[in-house]
Amino acid sequence: MKSTLLSHINNPTDLRQLDVNQLPQLAQELRQCIIDIVSVKEGHLGASLGVVELTIALHYVFNTPEDLLVWDVGHQAYGHKILTERRTKFDTNRQLGGISGFPKRSESVYDTFGVGHSSTSISAALGMAIASQLKGEHKHHIAVIGDASIASGMAFEGLNHAGVTDANLLVILNDNAIGIDPSVGALKNYLTAVKEGKNPKQNNMIKSLNFNYSGPIDGHDLNALIHELQRLKKVKGPKFLHIITTKGKGLQKAEEDQVKYHAPGKFDATTGEIHAKSETHLPPKFQDVFGLTLVELARNNPKIIGITPAMPSGSSMKFMMDAFPERAFDVGIAEQHAVTLSAGMATQGMVVFCAIYSTFLQRAYDQVIHDVALQNLPVIFCLDRAGLVGEDGATHHGVFDLAYLRCIPNLILYAPKDEIALQNILYTASLGLNHPIAIRYPRGRGANADWKKPTAFERIEIGKAHKLKKGKKIAVLTTGTTATHAAKAIEEVDDSNKVAHYDFGFVKPLDEVLLHKICNKFATIITIEDGTTTGGFGSAILEFSAKNDYINEVFLCGVPDTFVEQGTIDELQQLCNMDVDALKILLLDLI
Numbered sequence: 047m048k049s050t051l052l053s054h055i056n057n058p059t060d061l062r063q064l065d066v067n068q069l070p071q072l073a074q075e076l077r078q079c080i081i082d083i084v085s086v087k088e089g090h091l092g093a094s095l096g097v098v099e100l101t102i103a104l105h106y107v108f109n110t111p112e113d114l115l116v117w118d119v120g121h122q123a124y125g126h127k128i129l130t131e132r133r134t135k136f137d138t139n140r141q142l143g144g145i146s147g148f149p150k151r152s153e154s155v156y157d158t159f160g161v162g163h164s165s166t167s168i169s170a171a172l173g174m175a176i177a178s179q180l181k182g183e184h185k186h187h188i189a190v191i192g193d194a195s196i197a198s199g200m201a202f203e204g205l206n207h208a209g210v211t212d213a214n215l216l217v218i219l220n221d222n223a224i225g226i227d228p229s230v231g232a233l234k235n236y237l238t239a240v241k242e243g244k245n246p247k248q249n250n251m252i253k254s255l256n257f258n259y260s261g262p263i264d265g266h267d268l269n270a271l272i273h274e275l276q277r278l279k280k281v282k283g284p285k286f287l288h289i290i291t292t293k294g295k296g297l298q299k300a301e302e303d304q305v306k307y308h309a310p311g312k313f314d315a316t317t318g319e320i321h322a323k324s325e326t327h328l329p330p331k332f333q334d335v336f337g338l339t340l341v342e343l344a345r346n347n348p349k350i351i352g353i354t355p356a357m358p359s360g361s362s363m364k365f366m367m368d369a370f371p372e373r374a375f376d377v378g379i380a381e382q383h384a385v386t387l388s389a390g391m392a393t394q395g396m397v398v399f400c401a402i403y404s405t406f407l408q409r410a411y412d413q414v415i416h417d418v419a420l421q422n423l424p425v426i427f428c429l430d431r432a433g434l435v436g437e438d439g440a441t442h443h444g445v446f447d448l449a450y451l452r453c454i455p456n457l458i459l460y461a462p463k464d465e466i467a468l469q470n471i472l473y474t475a476s477l478g479l480n481h482p483i484a485i486r487y488p489r490g491r492g493a494n495a496d497w498k499k500p501t502a503f504e505r506i507e508i509g510k511a512h513k514l515k516k517g518k519k520i521a522v523l524t525t526g527t528t529a530t531h532a533a534k535a536i537e538e539v540d541d542s543n544k545v546a547h548y549d550f551g552f553v554k555p556l557d558e559v560l561l562h563k564i565c566n567k568f569a570t571i572i573t574i575e576d577g578t579t580t581g582g583f584g585s586a587i588l589e590f591s592a593k594n595d596y597i598n599e600v601f602l603c604g605v606p607d608t609f610v611e612q613g614t615i616d617e618l619q620q621l622c623n624m625d626v627d628a629l630k631i632l633l634l635d636l637i
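All the letters of the sequence shown, read from the start, carry residue numbers 47 to 637 under my numbering.
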């Protein structure tokens, strides 16, 4: 068996023993290692393939982990993980009990900052650099950020501060013109002009911010990278290196279809062909129900607007953008802007659907409160990826929205139990509401394989809950798609109608009329939600019970008060005792 360079490298110290002429071979082996494992285990492929040479050069030139390296978002950090003592564990990437798909401080000393959401690297690395100065330490601090992430407001805040310091900070712009979807906006156009040599040297915005700017250079040329990084080590103060890379570099199909190969699922490691999945008779994805329904509603209402922060494909806003490009906007990685832009449009009578992943709406919490709810503007927030999302882990689970939105005055909060309920609440919201509304739905598919794009809608009564099954002893209260698991568990254990089942789509406002009836009839109540039990739906039921002096025994099922790591959704539901078997055990104990 041929001996490889990569098999002898366990950490960057080993890497630095290589001659610079051996590094291109190492790059080829590292790239193939990523392809081989991700093709079978899945994960974020394109971004990591695009920075293989940069990853090697950084660990070769800088004395990591003494010198501090921060990756923005972390989609591109697979090569980094392999070179930093996790090569033999890399096949556990994103799996339950395995290594995280993102840099994580508790996992390795080489992961200097935990990431997963974009545009944090400059601020974090600057904080490290200033702290090093205060401690009298002489370290290098490097932030690697992509062209989509640097367009976010937080990145500009970091650049703005860094430019008036003498911190030993190097910002590396990994410019490949794409995030998950293609990059958008004026900054993207500016960077394109720089790459094409159409921007006058005296009109360099990075230099104007007091950074020592260099580039752009070829991010796949190891010699050029190493030479420039070694030069920059000797330059004092804030520095900025602009490199040009190709997302998916080294796998032809990943280079040709960069959106699809951002996270392609399983594929053939040799050809790059994605393994086909039969979608015949499968229920639709909730995101597609949203996207297709929005287009249908927009056909009949010219005031409907679609907005998404850099997630047109992931949220299926792409359907709206294709059908009505003048009324659908990808604003880039700018959740705060997306929310307040929506608010501005709402003041002018537009019906605005703002589609954001649940975990990313956390980045715009002040805007939701101050710019939307305080002014009672009827913005329609469509929160994709609510609940446990699976292998992306703690940074991406949408488990906090019920708790952090429930406390906001004026805001309606709704979780549809299935595809039909989702399309009908979208229809209801499009007719005009007196308040803003957040509609939360999970990643993946529902349970209705026969769902078709709707031709007729039903208006939903705001704040109304529904009985799904009658019972005599125990009341199960579910919100959202947890109704499916609950119904199955109840069916399998309740053969004498002891368990009643109620769907509380509206977490706010609660159907207090029905709740009074439930609390008066049932001594035992179980609440089930795919969010945190601390502050969530179950907490709302407990508050109602306490306020009205009820003495029911209330059991809360949901995500416990901890950060849930990565794993399949089924595994994580079992971990949180939210799966069908756990619900059956609870019901059997109480019946």
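By construction, the Cβ of each residue, glycine as well, lies at the ideal position given by its N, Cα and C atoms.
It should be emphasised that the depicted structure is a prediction, and the values quoted were computed from it without experimental measurement.
Rounded to whole angstroms, what is the Cα-Cα separation between residue 444 and residue 635?
30 Å
Is the CB of residue 585 under 8 Å away from at least one CB in chain C?
The structure shown has no chain C; it contains just one protein chain.
Does DSSP classify residue 70 as helix, strand or coil?
helix
Given a cut-off of 8 Å on the beta-carbon distance, is the pair residue 554 and residue 485 in contact?
no
Helix, strand or coil at residue 409 [DSSP, three-state]
helix
Is the beta carbon of residue 637 less than 8 Å from the beta carbon of residue 544?
yes
Our contact map puts residue 611 next to residue 439 with C-beta atoms below 8 Å; I'd like the distance itself, whole angstroms only.
5 Å
Proximal residues to residue 652 (C-beta, below 8 Å), its chain only, five neighbours per side dropped
It is not possible to answer for residue 652, since the shown part of the chain is limited to 47 through 637.
Residues bridged to residue 117 (per DSSP)
190
Can you tell me which of 360, 372 and 364 puts its alpha carbon nearest to the alpha carbon of residue 348?
372
Just the Cα atoms here: how many angstroms apart are residue 577 and residue 377?
28 Å
Beta-ladder partner(s) of residue 483, from DSSP:
426 and 458
At least 3 beta-carbon pairs within less than 8 Å: the region 390 to 402 vs the region 123 to 135:
no
What are the start and end residues of the alpha helix (DSSP H) that includes residue 50?
Taken as a continuous stretch (DSSP letters only), residue 50 belongs to no alpha helix (DSSP H), as it is neither H nor E.
Terminal residues of the alpha helix (DSSP H) in which residue 534 lies
528 to 539
Compute the Euclidean distance between the alpha carbons of residue 367 and residue 407, then round it to the nearest angstrom.
21 Å
Can you give me the C-alpha to C-alpha distance between residue 397 and residue 81, rounded to a whole angstrom?
44 Å
First and last residue of the uninterrupted beta strand (DSSP E) at residue 159:
From DSSP, residue 159 is part of no beta strand (DSSP E); its letter is neither H nor E.
What are the start and end residues of the alpha helix (DSSP H) that includes residue 591?
583 to 593
Enumerate in chain order the residues of its own chain whose CB-to-CB distance from residue 381 is below 7 Å, with the five nearest sequence positions on each side excluded.
355, 402, 406, 407, 409 and 410
Thinking C-beta only, is residue 318 closer than 8 Å to residue 297?
yes
Going by DSSP, which residues form a beta bridge with residue 605?
578
When you compare only the Cα positions, how much space is there between residue 336 and residue 88?
26 Å
Beta-carbon separation of residue 314 and residue 85 under 8 Å?
yes
Can you tell me whether residue 615 is helix, strand or coil according to DSSP?
helix
Given a threshold of 16 other Cβ atoms within 10 Å of its Cβ, counted over all protein chains shown, does residue 565 qualify as buried or as exposed?
buried
Please identify the residue among 560, 479, 463 and 579 whose C-alpha is closest to the C-alpha of residue 532.
463
What's the C-alpha gap between residue 275 and residue 69?
15 Å
Does residue 467 pass the burial test, meaning 16 or more other C-beta atoms within 10 Å, or should it be called exposed?
buried
Straight-line Cα distance separating residue 130 from residue 75:
15 Å
Indicate the three-state DSSP secondary structure (helix, strand or coil) for residue 269 in the structure shown.
helix
For residue 47, which residues from the same chain have a beta carbon less than 7 Å from its beta carbon, with the 5 sequence-adjacent residues on both sides left out?
Caution is warranted here: a pLDDT of 33 is assigned to residue 47, below 50, making its placement in the model unreliable, and no coordinate value can be reported.
Under 8 Å, do residue 638 and residue 353 count as touching if we go by C-beta distance?
Because the chain spans 47 through 637 in this model, residue 638 falls outside it and cannot be assessed.
Note the first and the last residue of the continuous alpha helix (DSSP H) segment covering residue 385.
381 to 393
Rounded C-alpha distance that separates residue 451 from residue 535
29 Å
Residue 513 - partner residues in DSSP beta bridges
548
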